[in-house]
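Each remark here refers to the structure printed beneath this line.
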């Protein structure tokens with residue numbers, strides 16, 4: 022369409038150098054700046070709560086290249102980290118274009134999907150620019166780590182979300198200055214960690230925790246968070262139940278133990294509250310969720326786990342009403358997974374999951390998933406195959422199931438399975454030589470409960486959809 026008829030839709034690149042005298046890292050191009058616990062800046066997809074119950078805070082990896090295909094969660098510019106004794110100082114600058122529906126001198130939201138498949142989405146491409154300048158200083162004592170991060174963010178137009186009761190305290194304007202102090206302190210078997218942050222528009226956020234291993238077979242972690250309703254930092258991405266680091270308070274407790282040989286038991290419980298309104302919840306609300314998982318590895322050839330999760334929160338019963346009543350919403354799920362190494366070249370993996378969703382208005386609904394996967398490494402040529410077939414029945418949207426699958430490098434794939442049907446994919450890696458590698462993935466989702474997929478200009482007049490990904494890597 023117009024000037025977009027040739028070339029690719031998204032280009033990315035970077036140059037990263039290490040250990041140039043006092044310069045620890047130098048990055049030019051697409052980069053990541055991950056400092057502290059994510060209250061100020063963490064432009065990367067967060068995994069949130071999972072069966073890895075001890076992994077509750079993002080890695081403080083500093084400045085690094087960004088090689089992901091994600092078209093939003095990255096910075097574009099230059100940055101460097103310098104070592105001075107026990108101190109490290111990092112500084113960076115980013116200038117990149119964003120997609121948004123600008124009108125005059127303002128726009129209402131930032132598009133993050135990176136899709137430009139219609140005239141309407143193309144018209145929003147690169148309409149706004151974001152400049153980010155930041156610095157981080159940290160110092161390491163014998164058992165104490167301190168870090169200070171300051172970020173200045175400027176937009177070319179004012180961000181003015183459509184006025185709704187739930188977003189009354191969201192950030193508005195084109196300039197934001199934020200800063201945070203993070204720490205990590207080890208005392209005997211205890212590790213204390215946390216970050217405190219604030220921003221120029223008002224509000225503050227605190228995230229503090231402690232991890233302890235009283236004996237070698239037991240690990241515990243406790244995490245407390247409080248994000249005021251006026252705290253809304255554009256590049257923040259920290260531990261939270263909601264999609265934003267904003268208007269939330271909660272306690273998280275997790276542990277993992279190795280009770281007997283070959284077994285590991287993991288569990289967490291997280292209780293949270295939202296003092297203000299939220300999207301789909303028209304008054305202050307609260308909720309909790311819990312998970313229990315058991316891993317069993319009897320030998321080098323067999324590995325299996327069981328996972329049970331329960332979640333309870335509130336949602337509107339009368340969505341159209343501004344002051345509508347809310348009711349309890351429950352979601353319970355159970356998953357079983359087993360991996361068997363048949364021989365040195367063949368591995369089989371089986372997964373089964375079932376869930377149940379209910380609220381105070383409707384009868385309970387159920388969803389299930391059954392998956393079979395096989396991986397094979399060829400003997401005479403450097404070629405690896407990975408194939409999976411899965412069947413699902415999750416007609417109600419609340420019963421949707423997310424299933425991680427292997428993809429080509431730099432692509433993180435967790436497709437949502439919703440409806441009734443199946444999905445298969447096959448990918449392969451071919452190491453042509455020491456300098457050339459090729460990846461190819463073909464995936465297809467098909468439905469038994471519909472004859473079309475999507476709507477309007479994205480309508481597919483078929484009951485199946487096919488995706489193809491390929492990557493060629495050249496080493497110099």
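In the working numbering, the protein residues as written are 22 to 497.
In this text, a Cβ means the ideal position worked out from N, Cα and C, and glycines have one as well.
Just so we're clear, the structure is a prediction, and the values are computed from it rather than from any experiment.
Assuming residue 378 contacts residue 417 (C-beta within less than 8 Å), just tell me the rounded distance between them. Numbered from 1 along the chain shown, position 357 holds the residue referred to as residue 378. Numbered from 1 along the chain shown, position 396 holds the residue referred to as residue 417. So it is a contact: roughly 6 Å between Cβ atoms.
Contact test: residue 449 Cβ vs the ligand GDP heavy atom, cutoff 6 Å: The ligand GDP is not part of this structure, which contains no ligands at all.
Using only the alpha-carbon positions, how far apart do residue 441 and residue 473 sit? The residue you call residue 441 lines up with position 420 of the chain shown. The residue you call residue 473 lines up with position 452 of the chain shown. One C-alpha to the other measures close to 13 Å.
Give me, in chain order, the residues of the same chain whose beta-carbon lies closer than 6 Å to that of residue 478; leave out the 5 immediate sequence neighbours on both sides. As a first step, residue 478 must be located in the chain shown, where it is residue number 457. 139, listed in sequence order.
Tell me the DSSP secondary structure of residue 157 in three-state form. Here residue 157 corresponds to residue number 136 of the chain shown, with the count starting at 1. If DSSP states are grouped into helix, strand and coil, residue 157 belongs with the strands.
From residue 222 to residue 173, what does the alpha carbon distance come to, in whole angstroms? Walking along the chain shown from the start, residue 222 turns up at place 201. Walking along the chain shown from the start, residue 173 turns up at place 152. Going by the C-alpha atoms only, they are around 12 Å apart.
Can you list the beta strand (DSSP E) stretches of 3 or more residues lying completely in the region 29-57, in chain order? Residue ranges of uninterrupted beta strand (DSSP E) with 3 or more members, entirely inside the region 29-57 and ordered along the chain, are 35-41, 44-55.
Exposed or buried, what is residue 97 when buried is set at 16 or more other beta-carbons lying within 10 Å of its beta-carbon? Locating residue 97 in the chain shown gives position 76, counting from the first residue. Classification for residue 97: buried.
Beta-bridge pairing of residue 271 - partner residues as DSSP gives them: The residue labelled residue 271 in the question sits at position 250 within the chain shown. In DSSP, residue 271 forms a bridge with 246, 293.
Within 10 angstroms of the Cβ of residue 489, are there 16 or more other Cβ atoms? Answer buried if so, exposed if not. Translated into positions along the chain shown, residue 489 becomes position 468. So residue 489 counts as exposed.
Between the alpha carbons of residue 391 and residue 487, how many angstroms are there, rounded? Here residue 391 refers to the residue found at position 370 of the chain shown. Here residue 487 refers to the residue found at position 466 of the chain shown. Taking the straight line from one Cα to the other gives about 20 Å.
Quick one: what does DSSP say residue 420 is sitting in, helix, strand or coil? Walking along the chain shown from the start, residue 420 turns up at place 399. DSSP, reduced to helix, strand and coil, places residue 420 within a helical segment of the structure shown.
Supposed close pair residue 118, residue 147 - CB separation, criterion 8 Å: Stepping through the chain shown from its first residue, residue 118 is reached at position 97. Stepping through the chain shown from its first residue, residue 147 is reached at position 126. Taking a contact as a CB-CB distance under 8 Å, the pair residue 118 and residue 147 counts as one, their CB atoms being some 4 Å apart.
Three-state class that DSSP yields for residue 256 in the structure shown: Position 235 of the chain shown, counting from 1, holds the residue named residue 256. Correct three-state label for residue 256: coil.
Exposed or buried, what is residue 470 when buried is set at 16 or more other beta-carbons lying within 10 Å of its beta-carbon? Numbered from its first residue, the chain shown carries residue 470 at position 449. Under this definition residue 470 is an exposed residue.
What number of angstroms, rounded off, separates the C-alpha of residue 90 from the C-alpha of residue 226? The residue labelled residue 90 in the question sits at position 69 within the chain shown. The residue labelled residue 226 in the question sits at position 205 within the chain shown. Rounded to whole angstroms, the gap between the alpha carbons of residue 90 and residue 226 is 30 Å.
Using 7 Å as the threshold, is the C-beta distance between residue 108 and residue 84 below it? As a working note, residue 108 is residue 87 in the chain shown. As a working note, residue 84 is residue 63 in the chain shown. Against a cut-off of 7 Å, the Cβ pair of residue 84 and residue 108 comes out as no contact.
How many whole angstroms separate the CB atoms of residue 199 and residue 152, which I take to be in contact at a CB cut-off of 8 Å? Taking the chain shown and counting its residues from 1, one reaches residue 199 at position 178. Taking the chain shown and counting its residues from 1, one reaches residue 152 at position 131. A Cβ-Cβ separation of about 14 Å leaves residue 199 out of contact with residue 152 under the 8 Å criterion.
Beta strand (DSSP E) segments (min. 3 residues) lying fully within the region 174-225: The region 174-225 contains these whole beta strand (DSSP E) runs: 194-208, 211-220.
Pop quiz: residue 268 and residue 295 are said to be a contact at Cβ under 8 Å. What is the actual Cβ separation, rounded to whole angstroms? Locating residue 268 in the chain shown gives position 247, counting from the first residue. Locating residue 295 in the chain shown gives position 274, counting from the first residue. Residue 268 to residue 295, Cβ: 6 Å. Contact.
Suppose the cutoff is 6 Å on Cβ atoms and the five residues either side in sequence are ignored; what does the same chain contact list for residue 214 look like? Position 193 of the chain shown, counted from the start, is the residue given in the question as residue 214. If the five residues before and after residue 214 are omitted, its C-beta is found closer than 6 Å to the C-beta atoms of 205, 230, all from its own chain and listed in chain order.
Apply the 10 Å Cβ neighbour rule to residue 22 and answer buried if 16 or more other Cβ atoms are within range, or exposed otherwise. Taking the first residue of the chain shown as 1, we reach residue 22 at position 1. Unreliable positioning characterises residue 22 in this predicted model, as indicated by a pLDDT of 45, which lies under 50. The coordinate reading is nonetheless provided below. It counts as exposed.
Considering Cα atoms alone, identify which of 52, 365, 314 is closest to residue 70. Counting from one through the chain shown, the residue named residue 70 turns up at place 49. Ranked by Cα distance from residue 70, the options 52, 365, 314 are led by 314.
State the start and end residues of the unbroken alpha helix (DSSP H) segment that holds residue 466. By one-based count along the chain shown, residue 466 stands at place 445. Premise fails: residue 466 lies in the beta strand (DSSP E), 457-468, not in any alpha helix (DSSP H).
At what residue ranges does the region 323-405 contain a whole run of the beta strand (DSSP E), taking only runs of 3 or more? DSSP assignment within the region 323-405 yields the following whole beta strand (DSSP E) runs of 3 residues or more, N-terminal first: 323-337, 347-362, 367-380, 386-398.
When 375, 271, 433, 302 are compared against residue 94, the one with the closest alpha-carbon: For the purposes of this step, residue 94 is identified with residue 73 of the chain shown, where counting begins at 1. Closest option to residue 94, Cα to Cα, is 433.
Relative to the C-alpha of residue 33, which residue among 290, 258, 408, 49 is closest? The residue labelled residue 33 in the question sits at position 12 within the chain shown. For residue 33, the nearest C-alpha among the options comes from 49.
Assign residue 140 to one of three DSSP states: helix, strand, or coil. For this step, residue 140 is matched to residue 119 along the chain shown. Three-state result, residue 140: helix.
So for residue 485, helix, strand or coil by DSSP? Stepping through the chain shown from its first residue, residue 485 is reached at position 464. Strand, per DSSP.
Just checking: is the beta-carbon of residue 380 within a distance shorter than 7 Å of some beta-carbon in chain C? No chain C appears in the structure shown, which is made up of a single protein chain.
For residue 21, collect the residues of the same chain with a Cβ closer than 8 Å to its Cβ; drop the 5 residues on either side in sequence, then sort them by chain order. For residue 21 there is no data in the structure shown, the boundaries of the chain being 22 and 497.
Residue 38 and residue 52: beta carbons closer than 7 Å? Position 17 of the chain shown, counting from 1, holds the residue named residue 38. Position 31 of the chain shown, counting from 1, holds the residue named residue 52. No, the Cβ-Cβ distance between residue 38 and residue 52 is not below 7 Å.
In or out: residue 402 buried (at least 16 other Cβ within 10 Å) or exposed? Here residue 402 is taken as the residue at index 381 of the chain shown, counted from 1. Exposed, because fewer than 16 other Cβ atoms sit within 10 Å of the Cβ of residue 402.
Run through the DSSP bridge pairs and tell me what residue 103 is partnered with. Taking the chain shown and counting its residues from 1, the one referred to as residue 103 is at position 82. Note: residue 103 is bridge-paired with 44, 110 in the DSSP secondary-structure output.
Among the candidates 297, 212, 289, whose CA atom is the shortest distance from the CA of residue 189? Here the question's residue 189 lines up with position 168 in the chain shown. The shortest Cα separation from residue 189 among 297, 212, 289 belongs to 297.
Roughly how many whole angstroms lie between the Cα atoms of residue 142 and residue 123? Numbered from 1 along the chain shown, position 121 holds the residue referred to as residue 142. Numbered from 1 along the chain shown, position 102 holds the residue referred to as residue 123. The alpha-carbon of residue 142 is positioned some 12 Å away from that of residue 123.
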